[in-house]
Amino acid sequence: MKILLSNASPHPIYDQILRQVRAQILSGDLTEGEALPSIRKLAQTLQISVITTKRAYDELEREGLIDTVGGKGTFVASPNAEFLREKRVRDVEEKLAGALDAARASGIGTEELQRMFTLLLEQDHD
Amino acid sequence: MLPRLFLRDARLHRMLLAPSLVPLAFLAYVFAQAHGHDRAVLAGTMAFLAGLSPLWFHLRESSEGTLADLAALPVSRFAIVGLRYLEALVLGAAALLLLNLAGLAVQAALQGSLPALDHLPGSLGQPRVLAWLYFGCCAYPMPLVLRWGGRGLGAAVGIPLGLLSSLPILGTFGRQTDQVLRLLGAVDAVWQRVVARPGLEALLLASLLALSFLLSMKAFAGRDL
Amino acid sequence: MTEPLLHLLGVSKRFGHFALRDAGFALPPGLMLGLIGPNGAGKTTLIKAILGLVRPDSGSIRFQGRDLLREGPALRHRIAHVPDEPRFTPGASLRTLKEVHATFHPAWDEARWRELMGEFGLEPRMVADRLSLGQRTRFALTLALSRAADLLVLDEPTTGLDPVFRRELLARLADTLDERRSILFSTHITSDLELRADLITLVRDGEVVFTTSQDDLRETWGVVKGGLELLEEQGQALFQGLRRNAHGFEGLTRDLEGARRRFQGRALVERASLEDILVLMGRRKSDAA
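Protein sequence lines correspond, in order, to chains A, B and C.
Quick note on numbering: the first sequence equals residues 1 to 126 in the numbering used here.
Quick note on numbering: the second sequence equals residues 127 to 351 in the numbering used here.
Quick note on numbering: the third sequence equals residues 352 to 640 in the numbering used here.
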């Protein structure tokens, strides 16, 4: 696992770790089942706070990219592409449901909402 | 806990222990023999010096900035304060013992025979004198030294001296003299009564020692390091 | 949430001209907390209160859930301390000092002590009071690190040490941390703590200004640099700390994102380093703005 941190980057440190590890897992540089350093070991090597590394790992775990086995350590999760896609789909579903709730709470009707979404899609195409 | 603390002082302040006791004891005895001085006074002085040792250790640590180390140790306040009182007793006894041994040695060397036991300089035969000496040199200044360090010692010595030396001055103010003399007379009268009954004297001394210990505990707690 | 290893609440102490007012912070197990602040702010007083060298006028200090003010001596063997400018009894050798120290701490690791002495370039026969400040600090470190203490308290430990050693020391200290152990590190040399410390507590003029994680600090605190006219226009109230000179101003803000939006293109907005925070917050509240 290779992590290079930049102090000048606009991204927070935990985010830099997150992006780099994620990229390495998705590209295959980090293979399924490969052991990752513990949050403390990583913090030590990178000379940063353990709270930061924990945050990055927690996020990676939430995304299904890594698994923490109690007592054994942290490993790269199986690149179950389908599982990941399902997860992403679920994320989008949740966000849409959230938008729907917000719309209802503000008294925005179904037709208006559909119009808003169509407009967004059109803009996105541009 | 106490043995470890004692050992600590012995190690850290060893410069003071050995040299101060042995040659002093020896020289003192020789001096006494040569000038026929009262041996009791001599022994008293020895005990006095030894009794001051814990005060000295404490002041030394205070000035060297190592008191914080002592206070930060995982030992109770009771142990630290108790250590000081115990040191005075132990060192005082050691001083008297050494004085006696020195006396024996000199006597044996000069006369080729050992002196009778009651001629030993350390045998004061008056434990009450030693007890009051212990109070005066150790228990009385201790709370002051623990609380205020060197200034405390100065106050302990200075205040009684100041009071004593102020008496003649008061004498020049006519009326005040009578009042002061009457006060002193009353104090003396009480003292005579106490001294007449050994039980009472012992009780007074014990209470003063206890009071001193309690004040010392409080002083050490109240001191900021 | 596990109970903090060390928890100070409402600690106050008055000493003549200086007063520590209502100070408090919580240090969870397994983390390093950096106590930063200008000289004389009260960092050492806080540390002395934790070690029982100073008795607070009010407040509570809990260690592993127990009242440290009341149960001090019983708990102190779990706390190791490296004082500011360590002093030792004159004439005592390092070996003697070690022996004295070891007798009071049953969890003494002699092998580790020898190892550390070697690594720090010290020999047992050296006499403590004849060593330089750096050597004395290193010796104090060997004593503190050769015990299995749950809390390591360091008061300005890097003052006498060179930058290379400081880096190594920080790495070594971070190494000792585990789920049970924490470190409290007070310093005015902020670069030592930058990034490594998990939590930062800023002490100024006898008060604890804040305690946050390094992450939070880096994401929310910023420095705005711009011309004086901009300051006039926007006002000072925005800033936690301010410095002016002939060319412009430097303002410390607690809302980095907001500042980025507000000063878009009109001023330079950067993430604040610990040093920026320390310098711009100043010695007293009045210095800050």
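Each residue gets a CB set at the ideal place from its N, CA and C atoms; glycine is no exception.
Keep in mind that this is a model prediction, so the values were computed, not measured.
Determine the DSSP secondary structure at His-11(A), reduced to helix, strand or coil.
Position 11 of the first sequence holds residue 11(A). In the three-state reduction of the DSSP assignment, His-11(A) falls in the coil class.
Label Lys-2(A) either buried or exposed according to how many other C-beta atoms from any shown protein chain fall within 10 Å of its C-beta, with 16 as the threshold for buried.
The residue labelled residue 2(A) in the question sits at position 2 within the first sequence. Per the 10 Å Cβ criterion, exposed.
What would DSSP say about Lys-399(C), mapped onto helix, strand or coil?
Here residue 399(C) is taken as the residue at index 48 of the third sequence, counted from 1. Looking at Lys-399(C) - three-state DSSP - the assignment turns out to be helix.
Go ahead and pull the three-state DSSP assignment for Lys-576(C).
The count along the third sequence starts at 1 and reaches residue 576(C) at position 225. Here Lys-576(C) sits in strand by DSSP.
What are the boundary residues of the beta strand (DSSP E) that Ala-370(C) is part of?
Here residue 370(C) refers to the residue found at position 19 when the third sequence is read from its first residue. Judged by DSSP secondary structure, Ala-370(C) falls within the beta strand (DSSP E) whose first and last residues are 369-378.
Who are the neighbours of Gly-403(C) on chain B, taking C-beta pairs under 8 Å?
By 1-based counting over the third sequence, the position of residue 403(C) is 52. The answer, in chain order, is Ala-197 and Ala-198.
Out of curiosity, what's the CA-to-CA distance linking Ala-392(C) and Phe-346(B)?
As a working note, residue 392(C) is residue 41 in the third sequence. As a working note, residue 346(B) is residue 220 in the second sequence. Taken atom to atom, the span from the alpha-carbon of Ala-392(C) to that of Phe-346(B) is near 26 Å.
When Leu-215(B), Val-207(B), Asp-195(B) and Val-271(B) are compared against Leu-259(B), the one with the closest alpha-carbon
Along the second sequence, read from residue 1 onward, the residue named residue 259(B) stands at position 133. When each option's Cα is compared against that of Leu-259(B), the closest is Leu-215(B).
Chain C within 8 Å of Ala-347(B), Cβ atoms only:
What you label residue 347(B) is simply residue 221 of the second sequence in a count that begins at 1. At least one chain C Cβ lies under 8 Å of Ala-347(B).
Inter-residue Cα distance where the pair is Asn-390(C) and Pro-407(C)
Locating residue 390(C) in the third sequence gives position 39, where the first residue counts as 1. Locating residue 407(C) in the third sequence gives position 56, where the first residue counts as 1. One Cα belongs to Asn-390(C), the other to Pro-407(C), and the distance between them is close to 20 Å.
With a threshold of 8 Å, are at least 3 pairs of Cβ atoms found where one atom belongs to the segment 425-444 of chain C and the other to the segment 171-190 of chain B?
Segments in contact, yes.
Residues of chain A with a CB under 8 Å from the CB of Gln-341(C): which are they?
There is no way to answer for residue 341(C), as the model of chain C reaches only from 352 to 640.
Within the segment 599-631 of chain C, ranges of the beta strand (DSSP E) (whole runs, at least 3 residues):
Complete beta strand (DSSP E) runs here, min 3: 600-604 and 619-622.
Within-8 Å CB hit, Arg-210(B) to chain C:
The residue labelled residue 210(B) in the question sits at position 84 within the second sequence. Not one chain C Cβ lies under 8 Å of Arg-210(B).
Quick check on Arg-134(B) - is its C-beta less than 8 Å from some C-beta in chain F?
Of the protein chains in the structure, A, B and C, none is chain F.
List, in chain order, every chain C residue whose beta-carbon is nearer than 7 Å to that of Glu-190(B).
Residue numbering aside, residue 190(B) sits at position 64 when the second sequence is read from its first letter. Taking a Cβ-Cβ threshold of 7 Å, the residues of chain C close to Glu-190(B) are Arg-438, Thr-440 and Pro-441, in chain order.
Glu-461(C) lies in the beta strand (DSSP E); which residues open and close that run?
Within the third sequence, numbered from 1, the residue matching residue 461(C) stands at position 110. Segment 461-470 is the alpha helix (DSSP H) holding Glu-461(C); no beta strand (DSSP E) there.
Going by C-alpha to C-alpha distance, which of Leu-494(C), Gln-585(C), Glu-436(C) and Ala-377(C) sits closest to Asp-506(C)?
Within the third sequence, numbered from 1, the residue matching residue 506(C) stands at position 155. Among Leu-494(C), Gln-585(C), Glu-436(C) and Ala-377(C), the Cα nearest to that of Asp-506(C) is on Glu-436(C).
Output yes if chain B places a C-beta closer than 8 Å to the C-beta of Arg-427(C); else output no.
Counted from its first residue, the third sequence places residue 427(C) at position 76. At least one chain B Cβ lies under 8 Å of Arg-427(C).
Could you check how far apart the C-beta atoms of Leu-473(C) and Arg-489(C) are, in whole angstroms? I think they sit under 8 Å.
Counted from its first residue, the third sequence places residue 473(C) at position 122. Counted from its first residue, the third sequence places residue 489(C) at position 138. The pair is a contact, with the Cβ atoms about 6 Å apart (cut-off 8 Å).
Looking at the secondary structure, which residues open and close the alpha helix (DSSP H) in which Val-50(A) lies?
Your numbering for residue 50(A) matches position 50 in the first sequence. Taken as a continuous stretch (DSSP letters only), the alpha helix (DSSP H) holding Val-50(A) covers 50-62.
Is Leu-512(C) near the ligand MG - that is, is its Cβ less than 7 Å away from at least one heavy atom of it?
Because no ligand of any kind appears in the structure shown, any question about the ligand MG cannot be addressed here.
When you compare each of Arg-547(C), Arg-446(C), Phe-536(C) and His-358(C) to Ala-431(C) by their alpha carbons, which one comes out closest?
For the purposes of this step, residue 431(C) is taken as residue 80 along the third sequence, with counting starting at 1. When the alpha-carbon of Ala-431(C) is set against those of Arg-547(C), Arg-446(C), Phe-536(C) and His-358(C), the nearest one is in Phe-536(C).
Should Ala-43(A) be labelled buried (16 or more other beta-carbon atoms within 10 Å of its own) or exposed?
Walking along the first sequence from the start, residue 43(A) turns up at place 43. When all chains shown are included, Ala-43(A) counts as buried.
The alpha helix (DSSP H) with Leu-131(B) in it runs from where to where?
The sequence position of residue 131(B) within the second sequence is 5, counting from 1. Where Leu-131(B) is concerned, the enclosing alpha helix (DSSP H) stretches over 128-138.
Within 10 angstroms of the Cβ of Glu-580(C), are there 16 or more other Cβ atoms? Answer buried if so, exposed if not.
Mapped onto the third sequence, residue 580(C) falls at position 229. An exposed status is given to Glu-580(C), since fewer than 16 other beta-carbon atoms sit within 10 Å of its beta-carbon.
Nearest candidate by alpha-carbon position, reference Val-554(C), set Arg-372(C), Pro-355(C) and Arg-622(C)
For the purposes of this step, residue 554(C) is identified with residue 203 of the third sequence, where counting begins at 1. Taking Val-554(C) as reference, the option from Arg-372(C), Pro-355(C) and Arg-622(C) with the minimal CA-CA separation is Arg-372(C).
Does His-456(C) pass the burial test, meaning 16 or more other C-beta atoms within 10 Å, or should it be called exposed?
By 1-based counting over the third sequence, the position of residue 456(C) is 105. So His-456(C) ends up on the buried side.
According to the neighbour-count rule (16 or more other Cβ atoms, all chains shown, within 10 Å of its Cβ), is Met-632(C) buried or exposed?
Counting from 1 along the third sequence, the entry for residue 632(C) is found at position 281. By the neighbour-count rule (16 or more Cβ atoms within 10 Å), Met-632(C) is buried.
8 Å is my cut-off, CB to CB: does Ser-533(C) come that close to chain A?
The residue labelled residue 533(C) in the question sits at position 182 within the third sequence. For Ser-533(C), the answer is no, since every Cβ of chain A falls outside 8 Å of its Cβ.
For the alpha helix (DSSP H) that Asp-566(C) lies in, which residues bound it at each end?
Working through the third sequence from its first residue, we reach residue 566(C) at position 215. Counting along the chain, the alpha helix (DSSP H) containing Asp-566(C) begins and ends at 565-571.
Local Cβ density within 10 Å of Lys-449(C), reported as buried at 16 or more and exposed below that:
Translated into positions along the third sequence, residue 449(C) becomes position 98. Lys-449(C) is buried by the Cβ-count criterion.
Cα-Cα separation, Glu-213(B) to Asp-480(C)
Counting from 1 along the second sequence, the entry for residue 213(B) is found at position 87. Counting from 1 along the third sequence, the entry for residue 480(C) is found at position 129. Linking Glu-213(B) to Asp-480(C) through their CA atoms gives a straight-line distance of about 25 Å.
Determine whether the Cβ of Leu-331(B) lies closer than 8 Å to any Cβ atom of chain C.
Working through the second sequence from its first residue, we reach residue 331(B) at position 205. Closer than 8 Å: no.
Close Cβ partners of Ala-500(C) (< 7 Å) along its chain, the five nearest in sequence each way excluded
For the purposes of this step, residue 500(C) is taken as the residue at position 149 of the third sequence. Within the same chain, Ala-500(C) has close Cβ partners Arg-429, Ile-430 and Ala-431.
At 9 Å on the CB atoms, spell out the chain B contacts of Phe-414(C), in chain order.
Position 63 of the third sequence, counted from the first residue, corresponds to residue 414(C). Near Phe-414(C) there are no residues of chain B at all, since even the closest Cβ is about 12 Å away, more than 9 Å.
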